[in-house]
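Comments concern the structure below.
Residue numbers (this note's numbering), protein chains in the order written: chain A, 1 to 310; chain B, 311 to 671.
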């Protein structure tokens, strides 16, 4: 194998492995930017994964599976939204409850489907001309549509967050909801929408795992993906573009895990890599926030209570 | 349009608080019941079968006590961490580290008599669990790294560590290739009540720790400082309470007690290290709800542990008798936690529904 092919293949694998992380992280960034911490990502991703899988199995159409996965993630996120935004419940506990619920639901829904192969999974589409460019063509333009979607989504979500009025509203709600409210922004609605976006994207991340990356359904398929996403959100400093960097870096860790295996290193020790990396990445994220003085959204995790106005 | 409005209300009485806890459990039973119904199982008869087998039979009762031991140890430790507003999700991993340390001591410290070996195993288990808790505590106190994520990651690392040991260096010589370690020597095994798997020593430790932690929380300076840090970490710093000390100590206690639970599972039940899922049926996670339902009161942890111990046995009964996945327990746990949150709210606020009519112009 020439080095160009090797490098192209390496980058291709990193992007593939990083895509579910990117989708989930982009969603969590929006939720947290609006001030809502959602620790239920693991639950939403795994329910998305099983829903996508089951719907694809029963309809034969993987895209219906993707749609259903997104909707199921979104639906679960609304439970968290209702508890934490409307009822001002503790967001940490509510998120944990959502994760437990999701893990339980997924294994109940998926139990009878374990080991059944998908009739059709999401397949790659090579982009004409571009995919023939050495290295880059292989790395960037030979993926399946969900990968392209996530690649486009990151800059779009960055643009919306930093360059549009909607973005200003979202950030205002996460930094200073009282001031945002005074300026006529509907704090509750913005928060609901952002949490819902987080749910949709977590569901998509799940669909990608069960319909394209693995593609199969096994119990506990996500193995902590959702928690890595929560960690990556901090590493990304709540910035969609940095989320791309972090996700693909983590894709690299996953690739490393598989490529080191033939060298005789215990697969169990290698399996620790993503988890150890998450802790390291959190440390880097915290250091960066200190250095660049970019903190978490000020109102993150704090329910908003509207003061009475007579 | 209907608007939901919350109004502060006076502090609830104990009876009200208790009532709401019961309501939470009933709500969770209803949610799980609905899922059972979808599954084609009549929830009422399913619950009947579970209650009958769990609380109405001697094996059921004794197994409930077996499960109560790790739940109590982990749960009571979590009351300490949660009181300091430290979201320790890592009891599961801390328990596994305790199991590893206890197995290591039992297998590799030669021919020691029981009265030396067993205390040594509990000590090692406590220290290993405490270490696993101290890492996220240090990261939290010094660098303000989110402890929820770190403790969760450390769970996964602990699980892989157990797997590494049983597939690799600790794999038993006498076990014909099964991924388990050799059996620990007889001197390392705890005495059980005859005919049951109840290991009395660990049960005694669990009950003692409940009382000790209760005293620690209510009668000592540490307990006071814990409340200060839990109430407002910033104010605690100005009040001269060392944030680092409190965070570290409460996570050492929390992790150490989980480590004791792990030791008990090895010395009293399994006698060897095996798959992490076999050593712990998610005790560390269930303990989170055990602690919450007990409203972070160590004495009440004993009561809620009985309930959730029974629930875990019930999950097993459902699997054997009704062919239902054990994951039902997870759903029940999740919905209990959610309804507890809801009830917490009902305790603090009056909820008013205001119907707004659009004004006509």
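Just so you know, even glycine gets a beta-carbon here, dropped at the ideal spot from N, CA and C. Values in this document were obtained by computation on a predicted structure and should not be read as measured data.
Local Cβ density within 10 Å of residue 367 of chain B, reported as buried at 16 or more and exposed below that: By the 16-neighbour rule on beta-carbons within 10 angstroms, residue 367 of chain B is exposed.
Distance between beta carbons of residue 381 of chain B and residue 600 of chain B, contact taken as under 8 Å: Indeed they touch by this definition, with Cβ atoms about 5 Å apart.
Reference residue 467 of chain B; option with closest CA among A/181, A/270, A/13 and A/115: The residue among A/181, A/270, A/13 and A/115 with its C-alpha nearest the C-alpha of residue 467 of chain B is A/270.
Cα-Cα separation, residue 294 of chain A to residue 354 of chain B: The alpha-carbon atoms of residue 294 of chain A and residue 354 of chain B are separated by roughly 54 Å.
Min CB distance residue 671 of chain B to chain A below 8 Å: Low confidence applies to residue 671 of chain B: its pLDDT is 49, below 50, so where it sits in the model is not reliable, and the reading given next is rough at best. It does not; no Cβ of chain A falls within 8 Å.
Neighbour flag for residue 242 of chain A against chain B, beta carbons, 8 Å: So, not an interface residue.
The segment 215 to 244 of chain A: positions lying closer than 7 Å to chain B by Cβ: Taking a C-beta cut-off of 7 Å against chain B, the contacting residues of the segment 215 to 244 of chain A are 224, 227, 230, 231 and 234, listed in chain order.
Boundaries of the alpha helix (DSSP H) in which residue 583 of chain B is found, first to last residue: Taken as a continuous stretch (DSSP letters only), residue 583 of chain B belongs to no alpha helix (DSSP H), as it is neither H nor E.
Cutoff 8 Å: residue 176 of chain A Cβ touching any chain B Cβ: Chain B contact via Cβ: absent.
Residues that residue 502 of chain B bridges to, as DSSP identifies them: Residue 502 of chain B pairs with B/509.
Residue 233 of chain A, buried or exposed, once every other Cβ within 10 Å from all chains shown has been counted against 16: Counting of Cβ neighbours within 10 angstroms places residue 233 of chain A among the buried residues, the total reaching 16 or more.
Proximal residues to residue 7 of chain A (C-beta, below 7 Å), its chain only, five neighbours per side dropped: Once the five neighbours on either side are set aside, the close Cβ partners of residue 7 of chain A are 135.
Selection of the segment 263 to 278 of chain A by Cβ proximity to chain B, strictly under 7 Å: In summary, the residues of the segment 263 to 278 of chain A whose CB is separated from some CB of chain B by less than 7 Å are 266, 268, 269, 271, 272, 275, 276 and 278, in the order they occur in the chain.
Top-ranked residue by Cα proximity to residue 370 of chain B, from B/460, B/494, B/505 and B/387: It is B/505.
Reference residue 644 of chain B; option with closest CA among B/337, B/332 and B/323: Here the closest residue by C-alpha is B/337.
As assigned by DSSP and simplified to three states, the class of residue 630 of chain B: Residue 630 of chain B: helix per DSSP, three-state reduction.
Backbone CA spacing between residue 81 of chain A and residue 186 of chain A [nearest angstrom]: Between the alpha carbons of residue 81 of chain A and residue 186 of chain A lies a gap of roughly 15 Å.
Near-chain B residues of the segment 95 to 107 of chain A (beta-carbon distance less than 9 Å), N- to C-terminal order: Within the segment 95 to 107 of chain A, the residues whose Cβ lies closer than 9 Å to some Cβ of chain B are 95, 96, 97, 98, 99, 100, 101, 102, 103, 104, 105, 106 and 107, listed in chain order.
8 Å contact criterion, which residue 166 of chain A and residue 160 of chain A should meet: CB distance rounded: Contact flag correct, Cβ pair sits at about 6 Å.
Proximity of residue 608 of chain B and residue 520 of chain B at Cβ, strictly below 8 Å: Cβ atoms of residue 608 of chain B and residue 520 of chain B: closer than 8 Å.
Helix, strand or coil at residue 188 of chain A according to DSSP, with G and I counted as helix: Three-state result, residue 188 of chain A: helix.
Short-range partners of chain A found in the segment 332 to 361 of chain B, where Cβ spacing is below 8 Å: Of all residues in the segment 332 to 361 of chain B, 345 and 349 have a Cβ within less than 8 Å of some Cβ in chain A.
CB of residue 20 of chain A within 8 Å of CB of residue 209 of chain A, strictly: A contact, by the Cβ cut-off of 8 Å.
Beta-carbon neighbours of residue 645 of chain B, restricted to chain C and to distances below 8 Å: Going by chain labels, chain C is absent from the structure shown, which instead holds the protein chains A and B.
Close-in-space but distant-in-sequence residues of the same chain around residue 441 of chain B (CB under 8 Å, 5 per side omitted): Result list for residue 441 of chain B: 407 and 565, in chain order.
Chain A contact for residue 672 of chain B (CB, 8 Å cutoff): Limits of chain B in this structure are 311 at one end and 671 at the other, which puts residue 672 of chain B out of reach.
Under 8 Å by beta carbon: chain A residues contacting residue 585 of chain B: Within 8 Å Cβ-Cβ: nothing; residue 585 of chain B doesn't reach chain A, min ~12 Å.
For residue 6 of chain A, three-class secondary structure by DSSP: Here residue 6 of chain A sits in helix by DSSP.
Rounded C-alpha distance that separates residue 627 of chain B from residue 360 of chain B: Distance between residue 627 of chain B and residue 360 of chain B, taken at the CA atoms: about 6 Å.
Proximal residues of chain A, C-beta to C-beta of residue 651 of chain B below 8 Å: The answer, in chain order, is 83, 87, 89, 90, 93, 94 and 97.
Residues of its chain near residue 449 of chain B, where Cβ-Cβ distance is below 6 Å and the 5 sequence neighbours each way are ignored: Same-chain partners within the cutoff: 455 and 460.
Spatial distance of residue 67 of chain A from residue 14 of chain A (CA atoms): Residue 67 of chain A and residue 14 of chain A: Cα-Cα distance of roughly 25 Å.
Extent of the continuous alpha helix (DSSP H) to which residue 170 of chain A belongs: For residue 170 of chain A, the enclosing alpha helix (DSSP H) begins and ends at 165 to 175.
Interface residues of chain A facing residue 443 of chain B [CB-CB closer than 7 Å]: Chain order gives no chain A residues near residue 443 of chain B, where near means a beta carbon separation below 7 Å; the closest approach is about 14 Å.
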